[in-house]
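Student: In the numbering used here, each residue's number is its place in the sequence shown (first place is 1) plus 1250.
Next up is a structure, given as structure tokens.
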Amino acid sequence: SDHMENICGYLMKYTNLVTGWQYRYFVLNNDAGLLEYFVNEQSRHLKPRGTLQLAGAVISPSDEDSHTFTVNAASGEQYKLRATDAKERQHWVSRLQICTQHHTEAIGKNNPPLKSRSFSLASQGSANSPGVQRRPSQNAVSFFSVGHHRLPTGKRVPIMQPDHLVDVREMMSQAEGQQRDLIRSIECLPASGHLTSLDQDLLMLKATSMATMNCLNDCFHILQLQHASQQKGSLPAGTTISWLEPKVSLANHFKNGTAQNFPAEINKPASVREEQSIAEPCQLTREPEEINPDEELEDICDDKEDDLGAVEEQRSVILHLLSQLKLGMDLTRVVLPTFILEKRSLLEMYADFMSHPDLFVAITNGSSAEERMIRFVEYYLTSFHEGRKGAIAKKPYNPIIGETFHCSWRMPKGSTDAGTNSSAHAPSEQGTLPKDPEGQGEPDYYTVKFVAEQVSHHPPVSGFYAECVERNMCVNAHVWTKSKFLGMSIGVTMVGEGVLHLLEHGEEYTFSLPCAYARSILTVPWVELGGKVNINCAKTGYSASINFHTKPFYGGKLHRVTGEVKQNMTNTVVCRVQGEWNSVLEFTYSNGETKYVDLTKLSVTRKRVRPLEKQGPFESRRLWQHVTESLRDGDIDKATEHKRALEERQRNEERLRAETETPWCTKYFLKDGDGWVYHKPLWKTVCAAQTQQTDSN
């Protein structure tokens, strides 16, 4: 209580999507255990605009930035707040937590214990009931039970709980029983006829009822954990606390409500046992490997994603998955069913954004800073169409930590001389690359080399780097993918930054990536991009602002994008762009000229990849080859088995590193502040060469 103090001051409060963040004057009343806010300090004598009871509340600093935090009241109400800096946030968070703890403990002391009663927070249903299938990732609300060793007297040590929680538990038990009866009635319906167990409305009812009970159980678990934490220092001797692991993983996804049984270890294919027994990556060579582009061959792999039939057949699997998710839930640790996967890793998807290397290389050909910025914007907007394969919202493989992907592109030198204008209007087939006779000068083509690495697992962060040595240009980026469940869609935020270096001009262009959304996941799933991204060049003072527009609920176009390039010093707009990022883009320049780019007719340069037999065990295609082959064959069960083996091996390795306190060693990327940088970027190589030449002169 010595540290309890009434504090007040201005904080920003998030209201809604329309009004956004607004300054409000907040007052922490320690005596009453209340957090109140007013429009401003002058209106403090009036009735508060809002009040939160802090008893039983949870105060959570946000991992998005160092200024934001949330106050989650026991009533379910939430305040999302933002301080001016990290120091002020810490001050508010610590004072709120002290006040919350004080009043939460006071409630516990004011509730006298009842008679001895043993309890379990696990669901009251049978082990096979859908209502008790839990996510492995539910750390904060994991199954929690309190058991008791028998004392010498043979008596159990009682664990008390407040009377209001007893009443809630009894009502929830009744509701769980009714929900189980509902599920049983649906599952007992015939498989064919007028009303079947696979009726879409009944499946939706089944899923939403399960989701409701799971949500209620989670709330009860949190309350119970808070009560248990109050008594953790005074548990009677002989009491043990056990955490009940989920009996079925989401990896063993459900098909029409029936769990799939995988063969025992001894019956597993040799490829699965091989996946589980590959050595710990840190025990393999972690030295960077120089990939010889001459060993790479033009990629002949052309995996077309399945039509919607496969999605329709797995509707019950999706419903079962949705029943275990809550709005806003982070999907990073949720194992998704295998049939929704693309036949490529996320690292390879980043490489596919480079499928127009001629436009990439042509950026540095711009005769002025203005033209180079416009060329970069044109290249940036043309990259997303090829990066997304097909219209179906499928998901690439989550890369394993230490996974890498290498490839390169070759293009005739003449194809980039004219820049983007030559390839913007009509389809153009890439000509045959001139062959360089052995020992006769340099090749008559440019090479763009690409490398990507999964540098972190939690959070999932990928680093990728591409360079064209002949043109003195390279790009370095790191991306942290954050997925959230949004109801009937899934949102993926691409947190991170990329930097394009044009060494010939001494320019650096920083850029970000838009959010991606998988919409209509119960009907015809499709992908759209959304959000605002910025491109800036500090040296030249040019910047670009690009808006990816999500489709309005009523009307509006799909995949719409607008943007403008401006000179910051004069605030002059030099180029405007509008259109669809997967169809036709219209560029209007300051001189009145207009150019149309039809993305569906742009030529695509196939990447070059080493054959599988020459790839290392942690290169994407070799690592995921058995999953990919099974998906091509349409064997979802086998693909799931191989995928589970890889994920289990990763968990075992992560556990071993934690036990031995062994840090993870990256191979190609080095930590640099909040980002990751390629270990041997072109700008360092060029700088070292120039220094050496100066010294020799």
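Note that CB positions come from ideal geometry on N, CA and C, so glycine has one too.
Could you spell out where the beta strand (DSSP E) holding residue 1794 opens and where it closes?
Tutor: 1792-1799
Student: Leaving aside the five residues before and after residue 1431 along the sequence, list all residues of the same chain whose C-beta is less than 6 Å from its C-beta, in chain order.
Tutor: None.
Student: Taking the DSSP output, what are the residues bridged to residue 1745?
Tutor: Its beta-bridge partners are 1730.
Student: Whole angstroms are fine: how far does the CA of residue 1328 sit from the CA of residue 1270?
Tutor: CA-to-CA, the gap between residue 1270 and residue 1328 works out to about 15 Å.
Student: Relative to the C-alpha of residue 1890, which candidate in 1882, 1901, 1899 and 1877 has its C-alpha closest?
Tutor: 1877
Student: Beta-carbon within less than 7 Å of residue 1800's beta-carbon, same chain only, minus the 5 sequence neighbours each way: which residues are those?
Tutor: 1767, 1778 and 1780
Student: Just the Cα atoms here: how many angstroms apart are residue 1593 and residue 1718?
Tutor: 28 Å
Student: Select from 1421, 1540 and 1350 the residue whose C-alpha is nearest the C-alpha of residue 1283.
Tutor: Checked all of 1421, 1540 and 1350; the closest Cα to residue 1283 is 1350.
Student: Taking only the alpha-carbon atoms, compute the straight-line gap between residue 1727 and residue 1441 and give it to the nearest angstrom.
Tutor: As the crow flies, the alpha-carbon of residue 1727 is around 51 Å from that of residue 1441.
Student: Could you compute how far the alpha carbon of residue 1376 sits from the alpha carbon of residue 1427?
Tutor: Note that residue 1376 scores a pLDDT of 36, beneath 50, so its modelled location is shaky; the value from the coordinates is reported in the next line. In a straight line, the C-alpha of residue 1376 is about 11 Å away from that of residue 1427.
Student: Between 1305, 1704 and 1614, which has its C-alpha nearest residue 1900's C-alpha?
Tutor: 1704
Student: Which first and last residues belong to the beta strand (DSSP E) in which residue 1766 is found?
Tutor: 1765-1769
Student: Would you grab the beta carbon distance between residue 1604 and residue 1700 for me? Rounded to a whole angstrom, and I think it's under 8 Å.
Tutor: Contact between residue 1604 and residue 1700 holds, with the beta-carbon distance rounding to 6 Å and staying under 8 Å.
Student: What residue does the beta strand (DSSP E) around residue 1311 start on, and which one ends it?
Tutor: 1308-1311
Student: If we require 4 or more residues per run, which alpha helix (DSSP H) segments fall completely within the segment 1812-1878?
Tutor: Those alpha helix (DSSP H) runs which fall completely within the segment 1812-1878 and span 4+ residues are 1870-1873.
Student: What residues are listed by DSSP as bridge partners for residue 1884?
Tutor: Beta-bridge pairing links residue 1884 to no other residue.
Student: Counting pairs of Cβ atoms below 8 Å between the segment 1601-1615 and the segment 1850-1862, do you hit three or more?
Tutor: yes
Student: So residue 1635 packs on residue 1832, CB below 8 Å; how close in whole Å?
Tutor: 5 Å
Student: Here's a check: name, in chain order, each residue in its chain whose Cβ is nearer than 6 Å to the Cβ of residue 1881, leaving out the five neighbours to either side.
Tutor: So the qualifying residues of the chain are 1593 and 1889.
Student: What residue does the alpha helix (DSSP H) around residue 1918 start on, and which one ends it?
Tutor: Careful: residue 1918 lies outside any alpha helix (DSSP H) and carries neither H nor E.
Student: So, do the segment 1855-1874 and the segment 1610-1627 have three or more beta carbon pairs nearer to each other than 8 Å?
Tutor: no
Student: Mind listing, in chain order, the continuous alpha helix (DSSP H) runs of no fewer than 4 residues lying wholly within the segment 1589-1616?
Tutor: 1596-1602 and 1607-1611
Student: Whose C-beta lies closer than 7 Å to the C-beta of residue 1482 among residues of the same chain, with five residues either side of it excluded?
Tutor: No answer about residue 1482 holds up, because its pLDDT of 48 lies below 50 and its placement is not dependable.
Student: Quick check: what's the CA-CA separation for residue 1646 versus residue 1934?
Tutor: Looking at the two C-alpha atoms, the distance is approximately 33 Å.
Student: Please classify residue 1540: does DSSP put it in a helix, a strand, or coil?
Tutor: In the three-state DSSP reduction, residue 1540 falls in the coil class, being neither helix nor strand.
Student: DSSP on residue 1352, reduced to helix/strand/coil?
Tutor: helix
Student: To the nearest angstrom, how far is it from the Cα of residue 1885 to the Cα of residue 1892?
Tutor: Whole-angstrom Cα-Cα distance: 11 Å.
Student: Do residue 1907 and residue 1545 come within 8 Å of each other at the CB atom, strictly closer than that value?
Tutor: It is not a contact, given that the beta carbons lie outside the stated cut-off.
Student: Which two residues bound the contiguous beta strand (DSSP E) that contains residue 1716?
Tutor: In the DSSP annotation of this structure, the continuous segment of the beta strand (DSSP E) that includes residue 1716 starts and ends at 1711-1718.
Student: Determine, using beta carbons only, whether residue 1742 and residue 1724 come nearer to each other than 8 Å.
Tutor: no
Student: Within the continuous beta strand (DSSP E) that includes residue 1645, where are the two ends?
Tutor: That run of the beta strand (DSSP E) goes 1645-1647.
Student: In terms of alpha-carbon separation, which member of 1309, 1936 and 1930 lies closest to residue 1756?
Tutor: Residue 1756 has its Cα closest to that of 1936, out of 1309, 1936 and 1930.
Student: Please report the distance separating the alpha-carbon of residue 1415 from that of residue 1286.
Tutor: 27 Å
Student: Can residue 1784 and residue 1762 be called in contact, C-beta distance under 8 Å?
Tutor: yes
Student: Apart from the five residues on each side of it in sequence, which residues of its chain come closer than 8 Å, Cβ to Cβ, to residue 1875?
Tutor: The answer, listed in chain order, is 1862.
Student: Looking only at C-alpha atoms, which of 1787, 1714, 1931 and 1353 sits nearest to residue 1324?
Tutor: 1353
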